[in-house]
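Have a look at the structure below, then the notes.
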């Protein structure tokens, strides 16, 4: 823990050497009219009043690069990208692939309108905008609401001297701008703006190069994961940094939407402050920023929040008696916690924070954002319908429902030596008021 404190001290010192630069839009840039979303839509979260704002509850921090669906909210439902483009109606729960071609079997990439690479959905007007493949999001594309007319909107600027952009996380859209990270440089660019009009908002003093600093082992910007977030007039980015003892710590920075006034506002609390929890090092499992607070859940631990302006941390709910591991999703109004448990069987092979295998979650616990316990939702009736469910992945929740993936597994071999193969993956949802859990759509 002393090493971690020295690491954080270095980060504070490094913050003093930040170089913040910017440039205006080039006069020849061609910008599309920024879609402001559905004009009559009211947000499903309490503080989300601008339909052009970053959709916070759809960008849960458990979802890093790849492997999870991306969502976009409209007034009547959600668009979901997961290899194919789907639409889910809020009221009925009905889901369908977004493909307007009759008799399409949705297998031919050159024919099916619904087939898209794993994506991040950004915003919506009369079109859906999305960043390209998660391993190389150099382009932003758009598609009509019926899945037709895919087209390239703009190219994103990256450091041309680098062979990898491993330091970026999923790009975000907020109030007309795309924010993204490449080689530890934070950029913003107008949606539809020219490539060279991208502004460099923040970077360390020596961007893109490996630096041996303090107690960090060869601090490499390309080895640090940045997660972007926006809330109102503030932009946030979380840096996950490895220390010399091999553990990781999360450091949250805040600035203006134009990159002004970059400063550190939070670091993962030490075990002495918040007790033990089931994770490697000192990284939180899930976090969520709204207002002047960061809400965070510690796997195997409790629900906490920190006031960013004062640094005061307080426990909101004791959850460790209800789960040995756990995963969570947030909104501005509530938190949903799944009682995952770590297991040692290779068949339950999904890795989560701390590189621990987890499965067996069968109950979702719902808390108000103030920590007030609201209800339990049993998933066992749903499991009886699906059969052979090996694990659950929480995706998001809104004012009425929590959405999750249920993955079935089949096993062969002797106990302890069994090998699992993935069967059906089903999108499901559970109603926060009634507790009823139901299937929405079988993805495969």
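Residue numbers (my numbering): 13 to 456. Beta carbons: idealized from backbone N, C-alpha and C, even for Gly. All values reported here derive from a predicted model rather than from experimental measurement.
Next on the checklist: Can you look up residue 272 in the DSSP assignment and give me helix, strand or coil?
Outcome noted: Here residue 272 corresponds to residue number 260 of the chain shown, with the count starting at 1. Coil.
Item to check | Supposed close pair residue 297, residue 329 - CB separation, criterion 8 Å | outcome: To locate residue 297, count along the chain shown from 1; it is residue 285. To locate residue 329, count along the chain shown from 1; it is residue 317. Incorrect: roughly 14 Å between the Cβ atoms, too far for contact.
Checklist entry - Under the rule that 16 or more other beta-carbon atoms within 10 Å means buried, what is residue 166, buried or exposed? => result As a first step, residue 166 is located in the chain shown; it is residue number 154 there, counting from the start. The residue is buried, with at least 16 neighbouring Cβ atoms inside 10 Å.
Item to check | Under 7 Å between C-beta atoms of residue 185 and residue 239 | outcome: Against the chain shown, residue 185 aligns to sequence position 173. Against the chain shown, residue 239 aligns to sequence position 227. For residue 185 and residue 239, no; Cβs fall outside 7 Å.
Checklist entry - For residue 413, which three-state DSSP category applies? => result As a working mapping, residue 413 is identified with position 401 in the chain shown. Strand.
Item to check | Straight-line Cα distance separating residue 205 from residue 150 | outcome: For the purposes of this step, residue 150 is taken as the residue at position 138 of the chain shown. For the purposes of this step, residue 205 is taken as the residue at position 193 of the chain shown. Each residue's alpha carbon lies about 13 Å from the other.
Checklist entry - Does the beta-carbon distance from residue 132 to residue 182 come in below 7 Å? => result As a working note, residue 132 is residue 120 in the chain shown. As a working note, residue 182 is residue 170 in the chain shown. Cβ atoms of residue 132 and residue 182: closer than 7 Å.
Checklist entry - Do you know whose CA, among 261, 215 and 301, lies nearest residue 283's CA? => result As a working note, residue 283 is residue 271 in the chain shown. Taking only the C-alpha atoms, the option nearest residue 283 is 261.
Checklist entry - Closest to residue 142 by CA distance: which of 93, 311, 119 and 401 is it? => result In the chain shown, counting from the first residue as 1, residue 142 sits at position 130. Nearest of 93, 311, 119 and 401 to residue 142, Cα basis: 93.
Next on the checklist: Ignoring anything shorter than 4 residues, give me the alpha helix (DSSP H) runs that lie fully in the region 278 to 348, in order along the chain.
Outcome noted: 283 to 286
Checklist entry - In the DSSP assignment, what are the bridge partners of residue 385? => result What you label residue 385 is simply residue 373 of the chain shown in a count that begins at 1. Note: residue 385 sits in a beta bridge opposite 379.
Next on the checklist: Buried or exposed for residue 35, going by 16 or more other Cβ atoms inside 10 Å?
Outcome noted: Translated into the one-based positions of the chain shown, residue 35 becomes position 23. Because residue 35 sits at a pLDDT of 31, beneath the cut-off of 50, its placement in the model cannot be relied upon, and the point is left open.
Next on the checklist: On the CB-based measure, 16 or more other CB atoms within 10 Å of its CB, does residue 154 come out buried or exposed?
Outcome noted: By 1-based counting over the chain shown, the position of residue 154 is 142. Per the 10 Å Cβ criterion, buried.
Checklist entry - Among 245, 451, 393 and 387, which one has its Cα closest to the Cα of residue 273? => result Here residue 273 refers to the residue found at position 261 of the chain shown. Out of 245, 451, 393 and 387, 245 has the C-alpha closest to the C-alpha of residue 273.
Item to check | Alpha-carbon spacing of residue 42 relative to residue 65, whole angstroms | outcome: Position 30 of the chain shown holds residue 42. Position 53 of the chain shown holds residue 65. At residue 42 the pLDDT is 40, less than 50, meaning the model places this residue with poor confidence and gives no usable figure here.
Next on the checklist: On the CB-based measure, 16 or more other CB atoms within 10 Å of its CB, does residue 438 come out buried or exposed?
Outcome noted: To locate residue 438, count along the chain shown from 1; it is residue 426. With 16 or more other Cβ atoms within 10 Å, it is buried.
Item to check | Per-residue burial, residue 393 [other beta carbons within 10 Å of its own, 16 or more giving buried] | outcome: The count along the chain shown starts at 1 and reaches residue 393 at position 381. The residue is exposed, with fewer than 16 neighbouring Cβ atoms inside 10 Å.
Item to check | Counterpart residues of residue 197 in DSSP-defined beta bridges | outcome: Mapped onto the chain shown, residue 197 falls at position 185. In DSSP, residue 197 forms a bridge with 194.
Next on the checklist: Quick check: what's the CA-CA separation for residue 323 versus residue 382?
Outcome noted: Translated into the one-based positions of the chain shown, residue 323 becomes position 311. Translated into the one-based positions of the chain shown, residue 382 becomes position 370. If you take the alpha carbons of residue 323 and residue 382, they lie about 17 Å apart.
Checklist entry - Hey, out of 88, 412 and 250, whose CA is closest to residue 444's CA? => result Sequence index remark: in the chain shown, residue 444 carries index 432 (1-based). Here the closest residue by C-alpha is 412.
Next on the checklist: Using the three-state DSSP reduction, which class does residue 455 fall into: helix, strand or coil?
Outcome noted: One-based indexing of the chain shown puts residue 455 at position 443. Residue state, collapsed to three classes: coil.
Next on the checklist: What would DSSP say about residue 72, mapped onto helix, strand or coil?
Outcome noted: Position 60 of the chain shown, counted from the first residue, corresponds to residue 72. If DSSP states are grouped into helix, strand and coil, residue 72 belongs with coil.
Next on the checklist: Which residue marks the beginning of the beta strand (DSSP E) containing residue 83, and which one marks its end?
Outcome noted: Along the chain shown, one-based indexing puts residue 83 at 71. Note, residue 83: beta strand (DSSP E), 82 to 85.
Item to check | Three-state secondary structure (DSSP) of residue 129 | outcome: Along the chain shown, read from residue 1 onward, the residue named residue 129 stands at position 117. Reduced to three states, the DSSP call for residue 129 is coil.
Next on the checklist: For residue 348 and residue 170, I'd like the C-alpha separation in whole angstroms.
Outcome noted: Working through the chain shown from its first residue, we reach residue 348 at position 336. Working through the chain shown from its first residue, we reach residue 170 at position 158. Computed Cα separation, rounded: 37 Å.
Checklist entry - What residues match up with residue 390 in a beta bridge as DSSP calls it? => result As a first step, residue 390 is located in the chain shown; it is residue number 378 there, counting from the start. Bridge partners of residue 390: 375.
Checklist entry - Between residue 68 and residue 343, what straight-line distance do the alpha-carbon atoms span, to the nearest angstrom? => result Within the chain shown, the letter at position 56 stands for residue 68. Within the chain shown, the letter at position 331 stands for residue 343. Rounded to whole angstroms, residue 68 to residue 343 spans 8 Å at the Cα level.
Checklist entry - Given residue 409, which residues of its chain have a CB within under 8 Å of its CB, disregarding the five upstream and five downstream residues? => result Reading the chain shown from its first residue, position 397 is the one you call residue 409. The residues are 69, 341, 342, 343, 346, 348, 415 and 444.
Checklist entry - By the 10 Å Cβ neighbour count, where 16 or more other Cβ atoms means buried, how is residue 421 classified, buried or exposed? => result Numbered from 1 along the chain shown, position 409 holds the residue referred to as residue 421. Classification for residue 421: buried.
Checklist entry - Could you give the distance in angstroms between the alpha-carbon of residue 379 and the alpha-carbon of residue 277? => result Position 367 of the chain shown, counted from the first residue, corresponds to residue 379. Position 265 of the chain shown, counted from the first residue, corresponds to residue 277. Using only the alpha carbons, I get a separation of about 25 Å.
Checklist entry - Where does residue 170 fall in DSSP's three states? => result Here residue 170 is taken as the residue at index 158 of the chain shown, counted from 1. Residue state, collapsed to three classes: coil.
Checklist entry - Just the Cα atoms here: how many angstroms apart are residue 109 and residue 137? => result Reading the chain shown from its first residue, position 97 is the one you call residue 109. Reading the chain shown from its first residue, position 125 is the one you call residue 137. Straight-line Cα distance between these residues: approximately 19 Å.
Next on the checklist: DSSP three-state label for residue 444, please.
Outcome noted: Indexing the chain shown from 1 puts residue 444 at position 432. In this structure, residue 444 counts as coil in the three-state DSSP scheme.
Checklist entry - Just reading off the beta strand (DSSP E) that residue 93 is part of, what are its end residues? => result On the chain shown, residue 93 is found 81 positions in, with the first residue counted as 1. 89 to 93 is the extent of the beta strand (DSSP E) around residue 93.
Checklist entry - Do you know how far the Cα of residue 100 is from the Cα of residue 454? => result Start at 1 with the first residue of the chain shown, and residue 454 comes out as number 442. Start at 1 with the first residue of the chain shown, and residue 100 comes out as number 88. Cα to Cα, residue 454 sits roughly 12 Å from residue 100.
Checklist entry - Tell me the DSSP bridge mates of residue 418? => result What you label residue 418 is simply residue 406 of the chain shown in a count that begins at 1. Note: residue 418 sits in a beta bridge opposite 404 and 438.
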